[in-house]
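Written out below as structure tokens is the structure these notes cover.
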Amino acid sequence: MDFKNYVKIPGSERKPMKGATKTAAADPNEVMQATIVLRPRQSSANAEPLEALVARGGRLTREEYQARYGADPADVQTVLKFASSFGLALTKVDMGARTLTLTGKTSNFSKAFQVELAKYEHSGGSYRGRTGAISIPQELSDIIRSVHGLDNRPQAKPHFRLAKNTKKARTAAAAATSYTAVQVAKAYNFPTGANGKGETVGIIELGGGYNQSDLSTYFSNLNISPVPSVVAVSVDGGTNSPTGDPNGPDTEVMLDIEVVGSVASGANIAVYFAPNTDAGFLDAINQAVNDTVNKPSILSISWGGPESSWTAQSLQSFNSALQSAAAVGVSVCVAAGDDGSTDGVTDGEDHVDFPASSPYALACGGTTLKISGSTISSEVVWNDLSSNDGATGGGVSGTFPIPTWQANANVPPSTNPSGFAGRGMPDVAGDADPATGYQIEADGQSFAVGGTSAVAPLWAGLIALFNQSQGKSLGYLNPTLYQNVGESGAAFHDITSGNNGDYKAAVGWDPCTGWGSPNGAALLTALSGSAPSPDPTPTPNPKPKPKPTHKHKH
């Protein structure tokens, strides 16, 4: 192969970050790395498409998944021949995730993928960026699905909100309300006969870190003994690196660990630390899904960004990674965002947060919860937009069409001029208002924090209790929740009051809080009669899900 005739990768186009200015060419001798995503193994004609396997509730082991749907060794060799011809070296191959990690000089990556790499400055710092599309040799156009990491701008933000001591239009007493995750779990009637023993919850983090001393103090104060087991897993050089600043990502890390550990104290917790780039984020999800050492059965993700901030190739590759999680029986809980129906975008349209908007994610929205004793006294949609303190994300995807399992949930058309009939989110909800937030310990300080960042680990811990109680992983929950459980009513506290901007709460599912907050014990009972079989060849589901197509605006 001569690798001379180049074609553009569809959907790989980038624009500069909003407010960023190009200041210089990238250092040609800087050593960098990038992640290449390959096509699945080209199996025999009678092999079941992954889409169909997931739609019918099929389940594979990680090893079976790699053998059936992982990368083809011949494809790997072809791409490595191309890479080495440009002086790029292989640092890692993940056959299950179908990814190659390449390293080399910036100038060699520029030549190999025909991109101009430059330094960009923005209000939050600087990044190595590119504009336009990535190109690859014609011979590789069927093999390479996407390329990530040439541009290393920060891709996502954590969805936590610190409680403020004083709030406009609030009494001091109301502003001071906060709960432990144990109290929230009790109000939501979490099952009491399980503690998550035998389960591993994976948590994705794109910065910050945890201190064991903070965890020991926190769990000791809650009388949780022994302290939940936490291990740090490095992805692409990311490490457990506390910054010491509770206003930064440490608070995200501690919130996630402390909420999971409070509600599922017997579960193991594996925290995957990765750089905050599209490559780092994707590699963290893939590493967790394919991890045969820690074997997480649930993932909690509290980072994301508006769909419009992602390239179409990233939307597809992340969605594929989450589909892989569904295939191997991993439940993925993702925060729906904290900026209401616009998701913080100022173009006059509504937006939803990704990866929460993936049809393979359990999107977790937010409420304002008030507890009296150990029961709920009131619960409404979280919306403090009037005082600039956030609101639950939710609405209609502009990328992913309505999945078959959501067809009867009365998802409204998008409020945007396109009127796109997209996947509605969130799916479920929980306490997220920082004014009724969670008491946590981070960087030696105790304080209250909210945001949908708290809801993803809350649901992850709840699913760990379900898995232990069932003796098997529930895995991909969305079809079951929509087709068998949600409409029954008893399994959720239906939130019917409030809005997140342009979307309003309603009876049943709505684009603010989904089905509502959990009635844990009732939800477990409902799932016990309708949970998918872990067997790789269960009874076919009569409602296959349509393949997501991408109608993404750039």
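Read left to right, the sequence shown gives residues 1478 to 2031 (this note's numbering). In this text, a Cβ means the ideal position worked out from N, Cα and C, and glycines have one as well.
For G1685, there is no enclosing alpha helix (DSSP H), as DSSP marks it with neither H nor E. If you check the CB distance, L1639 and F1877 do not come in under 8 Å. The C-alpha of V1570 lies about 6 Å from the C-alpha of T1578.
N1763: member of the alpha helix (DSSP H) spanning D1755 to V1766, first to last residue. Proximity of the region 1497-1515 to the region 1625-1636 meets the contact definition, three or more beta-carbon pairs being nearer than 8 Å.
Contact check for P1773 and G1901: beta-carbon distance about 27 Å, past the 8 Å limit, so the pair fails to qualify. Assigned with DSSP and collapsed to three states, A1898 falls in coil, not helix or strand. With distances taken between CA atoms, P1526 lies nearest to S1801 out of Q1922, G1581, S1801 and S1739. Across the set E1735, A1941, F1831 and D1768, the C-alpha of F1831 shows the shortest separation from the C-alpha of P1903.
Going by DSSP, Q1960 is part of no alpha helix (DSSP H) at all; its letter is neither H nor E. Annotation for E1856: the continuous beta strand (DSSP E) segment containing it runs T1852 to V1858. If one requires a minimum length of 3 residues, the beta strand (DSSP E) runs lying completely within the region 1700-1765 are 1707-1711 and 1745-1750, in chain order. Going by DSSP, E1540 is part of no beta strand (DSSP E) but of the alpha helix (DSSP H) stretching over R1539 to Y1546. Around the beta-carbon of D1827, 16 or more other beta-carbon atoms lie within 10 Å, marking it buried. Counting every other CB atom within 10 Å of its CB across the protein chains shown gives N1885 a total below 16, marking it as exposed. A1789 and A1813 do not touch by the CB rule: their CB atoms are close to 21 Å apart, not below 8 Å. R1516 counts as exposed, since fewer than 16 other C-beta atoms from the protein chains shown sit within 10 angstroms of its C-beta.
As computed with DSSP, A1501 is found in a beta bridge with K1596. Taking a C-beta distance under 8 Å as the contact criterion, G1738 and Q1945 do not qualify as a contact pair. Within the DSSP secondary-structure output, K1949 pairs in no beta bridge. In the DSSP annotation of this structure, the continuous segment of the alpha helix (DSSP H) that includes Q1800 starts and ends at A1789 to A1804.
Within the same chain, Cβ atoms closer than 7 Å to the Cβ of R1607 are found at R1491, V1592, E1593, L1594, L1627 and D1628, the five residues on either side in sequence being excluded.
Residue state for G1997 is assigned as helix, using DSSP reduced to three classes. In the DSSP assignment, P1550 falls within the alpha helix (DSSP H) that extends over P1550 to S1562.
Contact between V1712 and A1751 holds, with the beta-carbon distance rounding to 4 Å and staying under 8 Å.
Considering only G1564, N1893, G1978 and A1803, the residue with the shortest C-alpha distance to T1869 is G1978.
Around P1995, the same chain offers Y1665, N1666, F1667, V1905, G1907, W1936, L1939, A1968, F1969 and H1970 as residues with beta carbons nearer than 8 Å, after the five sequence neighbours per side are excluded. Only residues of its own chain outside the window of five on either side were considered, and among them G1488, R1622, S1623 and H2027 have a CB closer than 8 Å to the CB of Q1793, listed in chain order. DSSP, reduced to helix, strand and coil, places Q1615 within a helical segment of the structure shown. By the neighbour-count definition (other C-beta atoms within 10 Å, threshold 16), P1550 is an exposed residue. According to the DSSP assignment, E1918 belongs to the beta strand (DSSP E) that extends over G1914 to A1919. If you ignore the 5 residues before and after C1810, its C-beta comes within less than 6 Å of the C-beta of S1777, L1839, C1841, A1933, W1936 and A1937, all in its own chain and listed in chain order.
Of all alpha-carbon atoms in A1532, T1677 and V1484, the one lying nearest the alpha-carbon of Y1749 is that of T1677. Secondary structure note for L1530: its alpha helix (DSSP H) is the uninterrupted segment L1527 to A1532.
Of the other Cβ atoms in all chains shown, fewer than 16 fall within 10 Å of the Cβ of D1824; this residue is therefore exposed.
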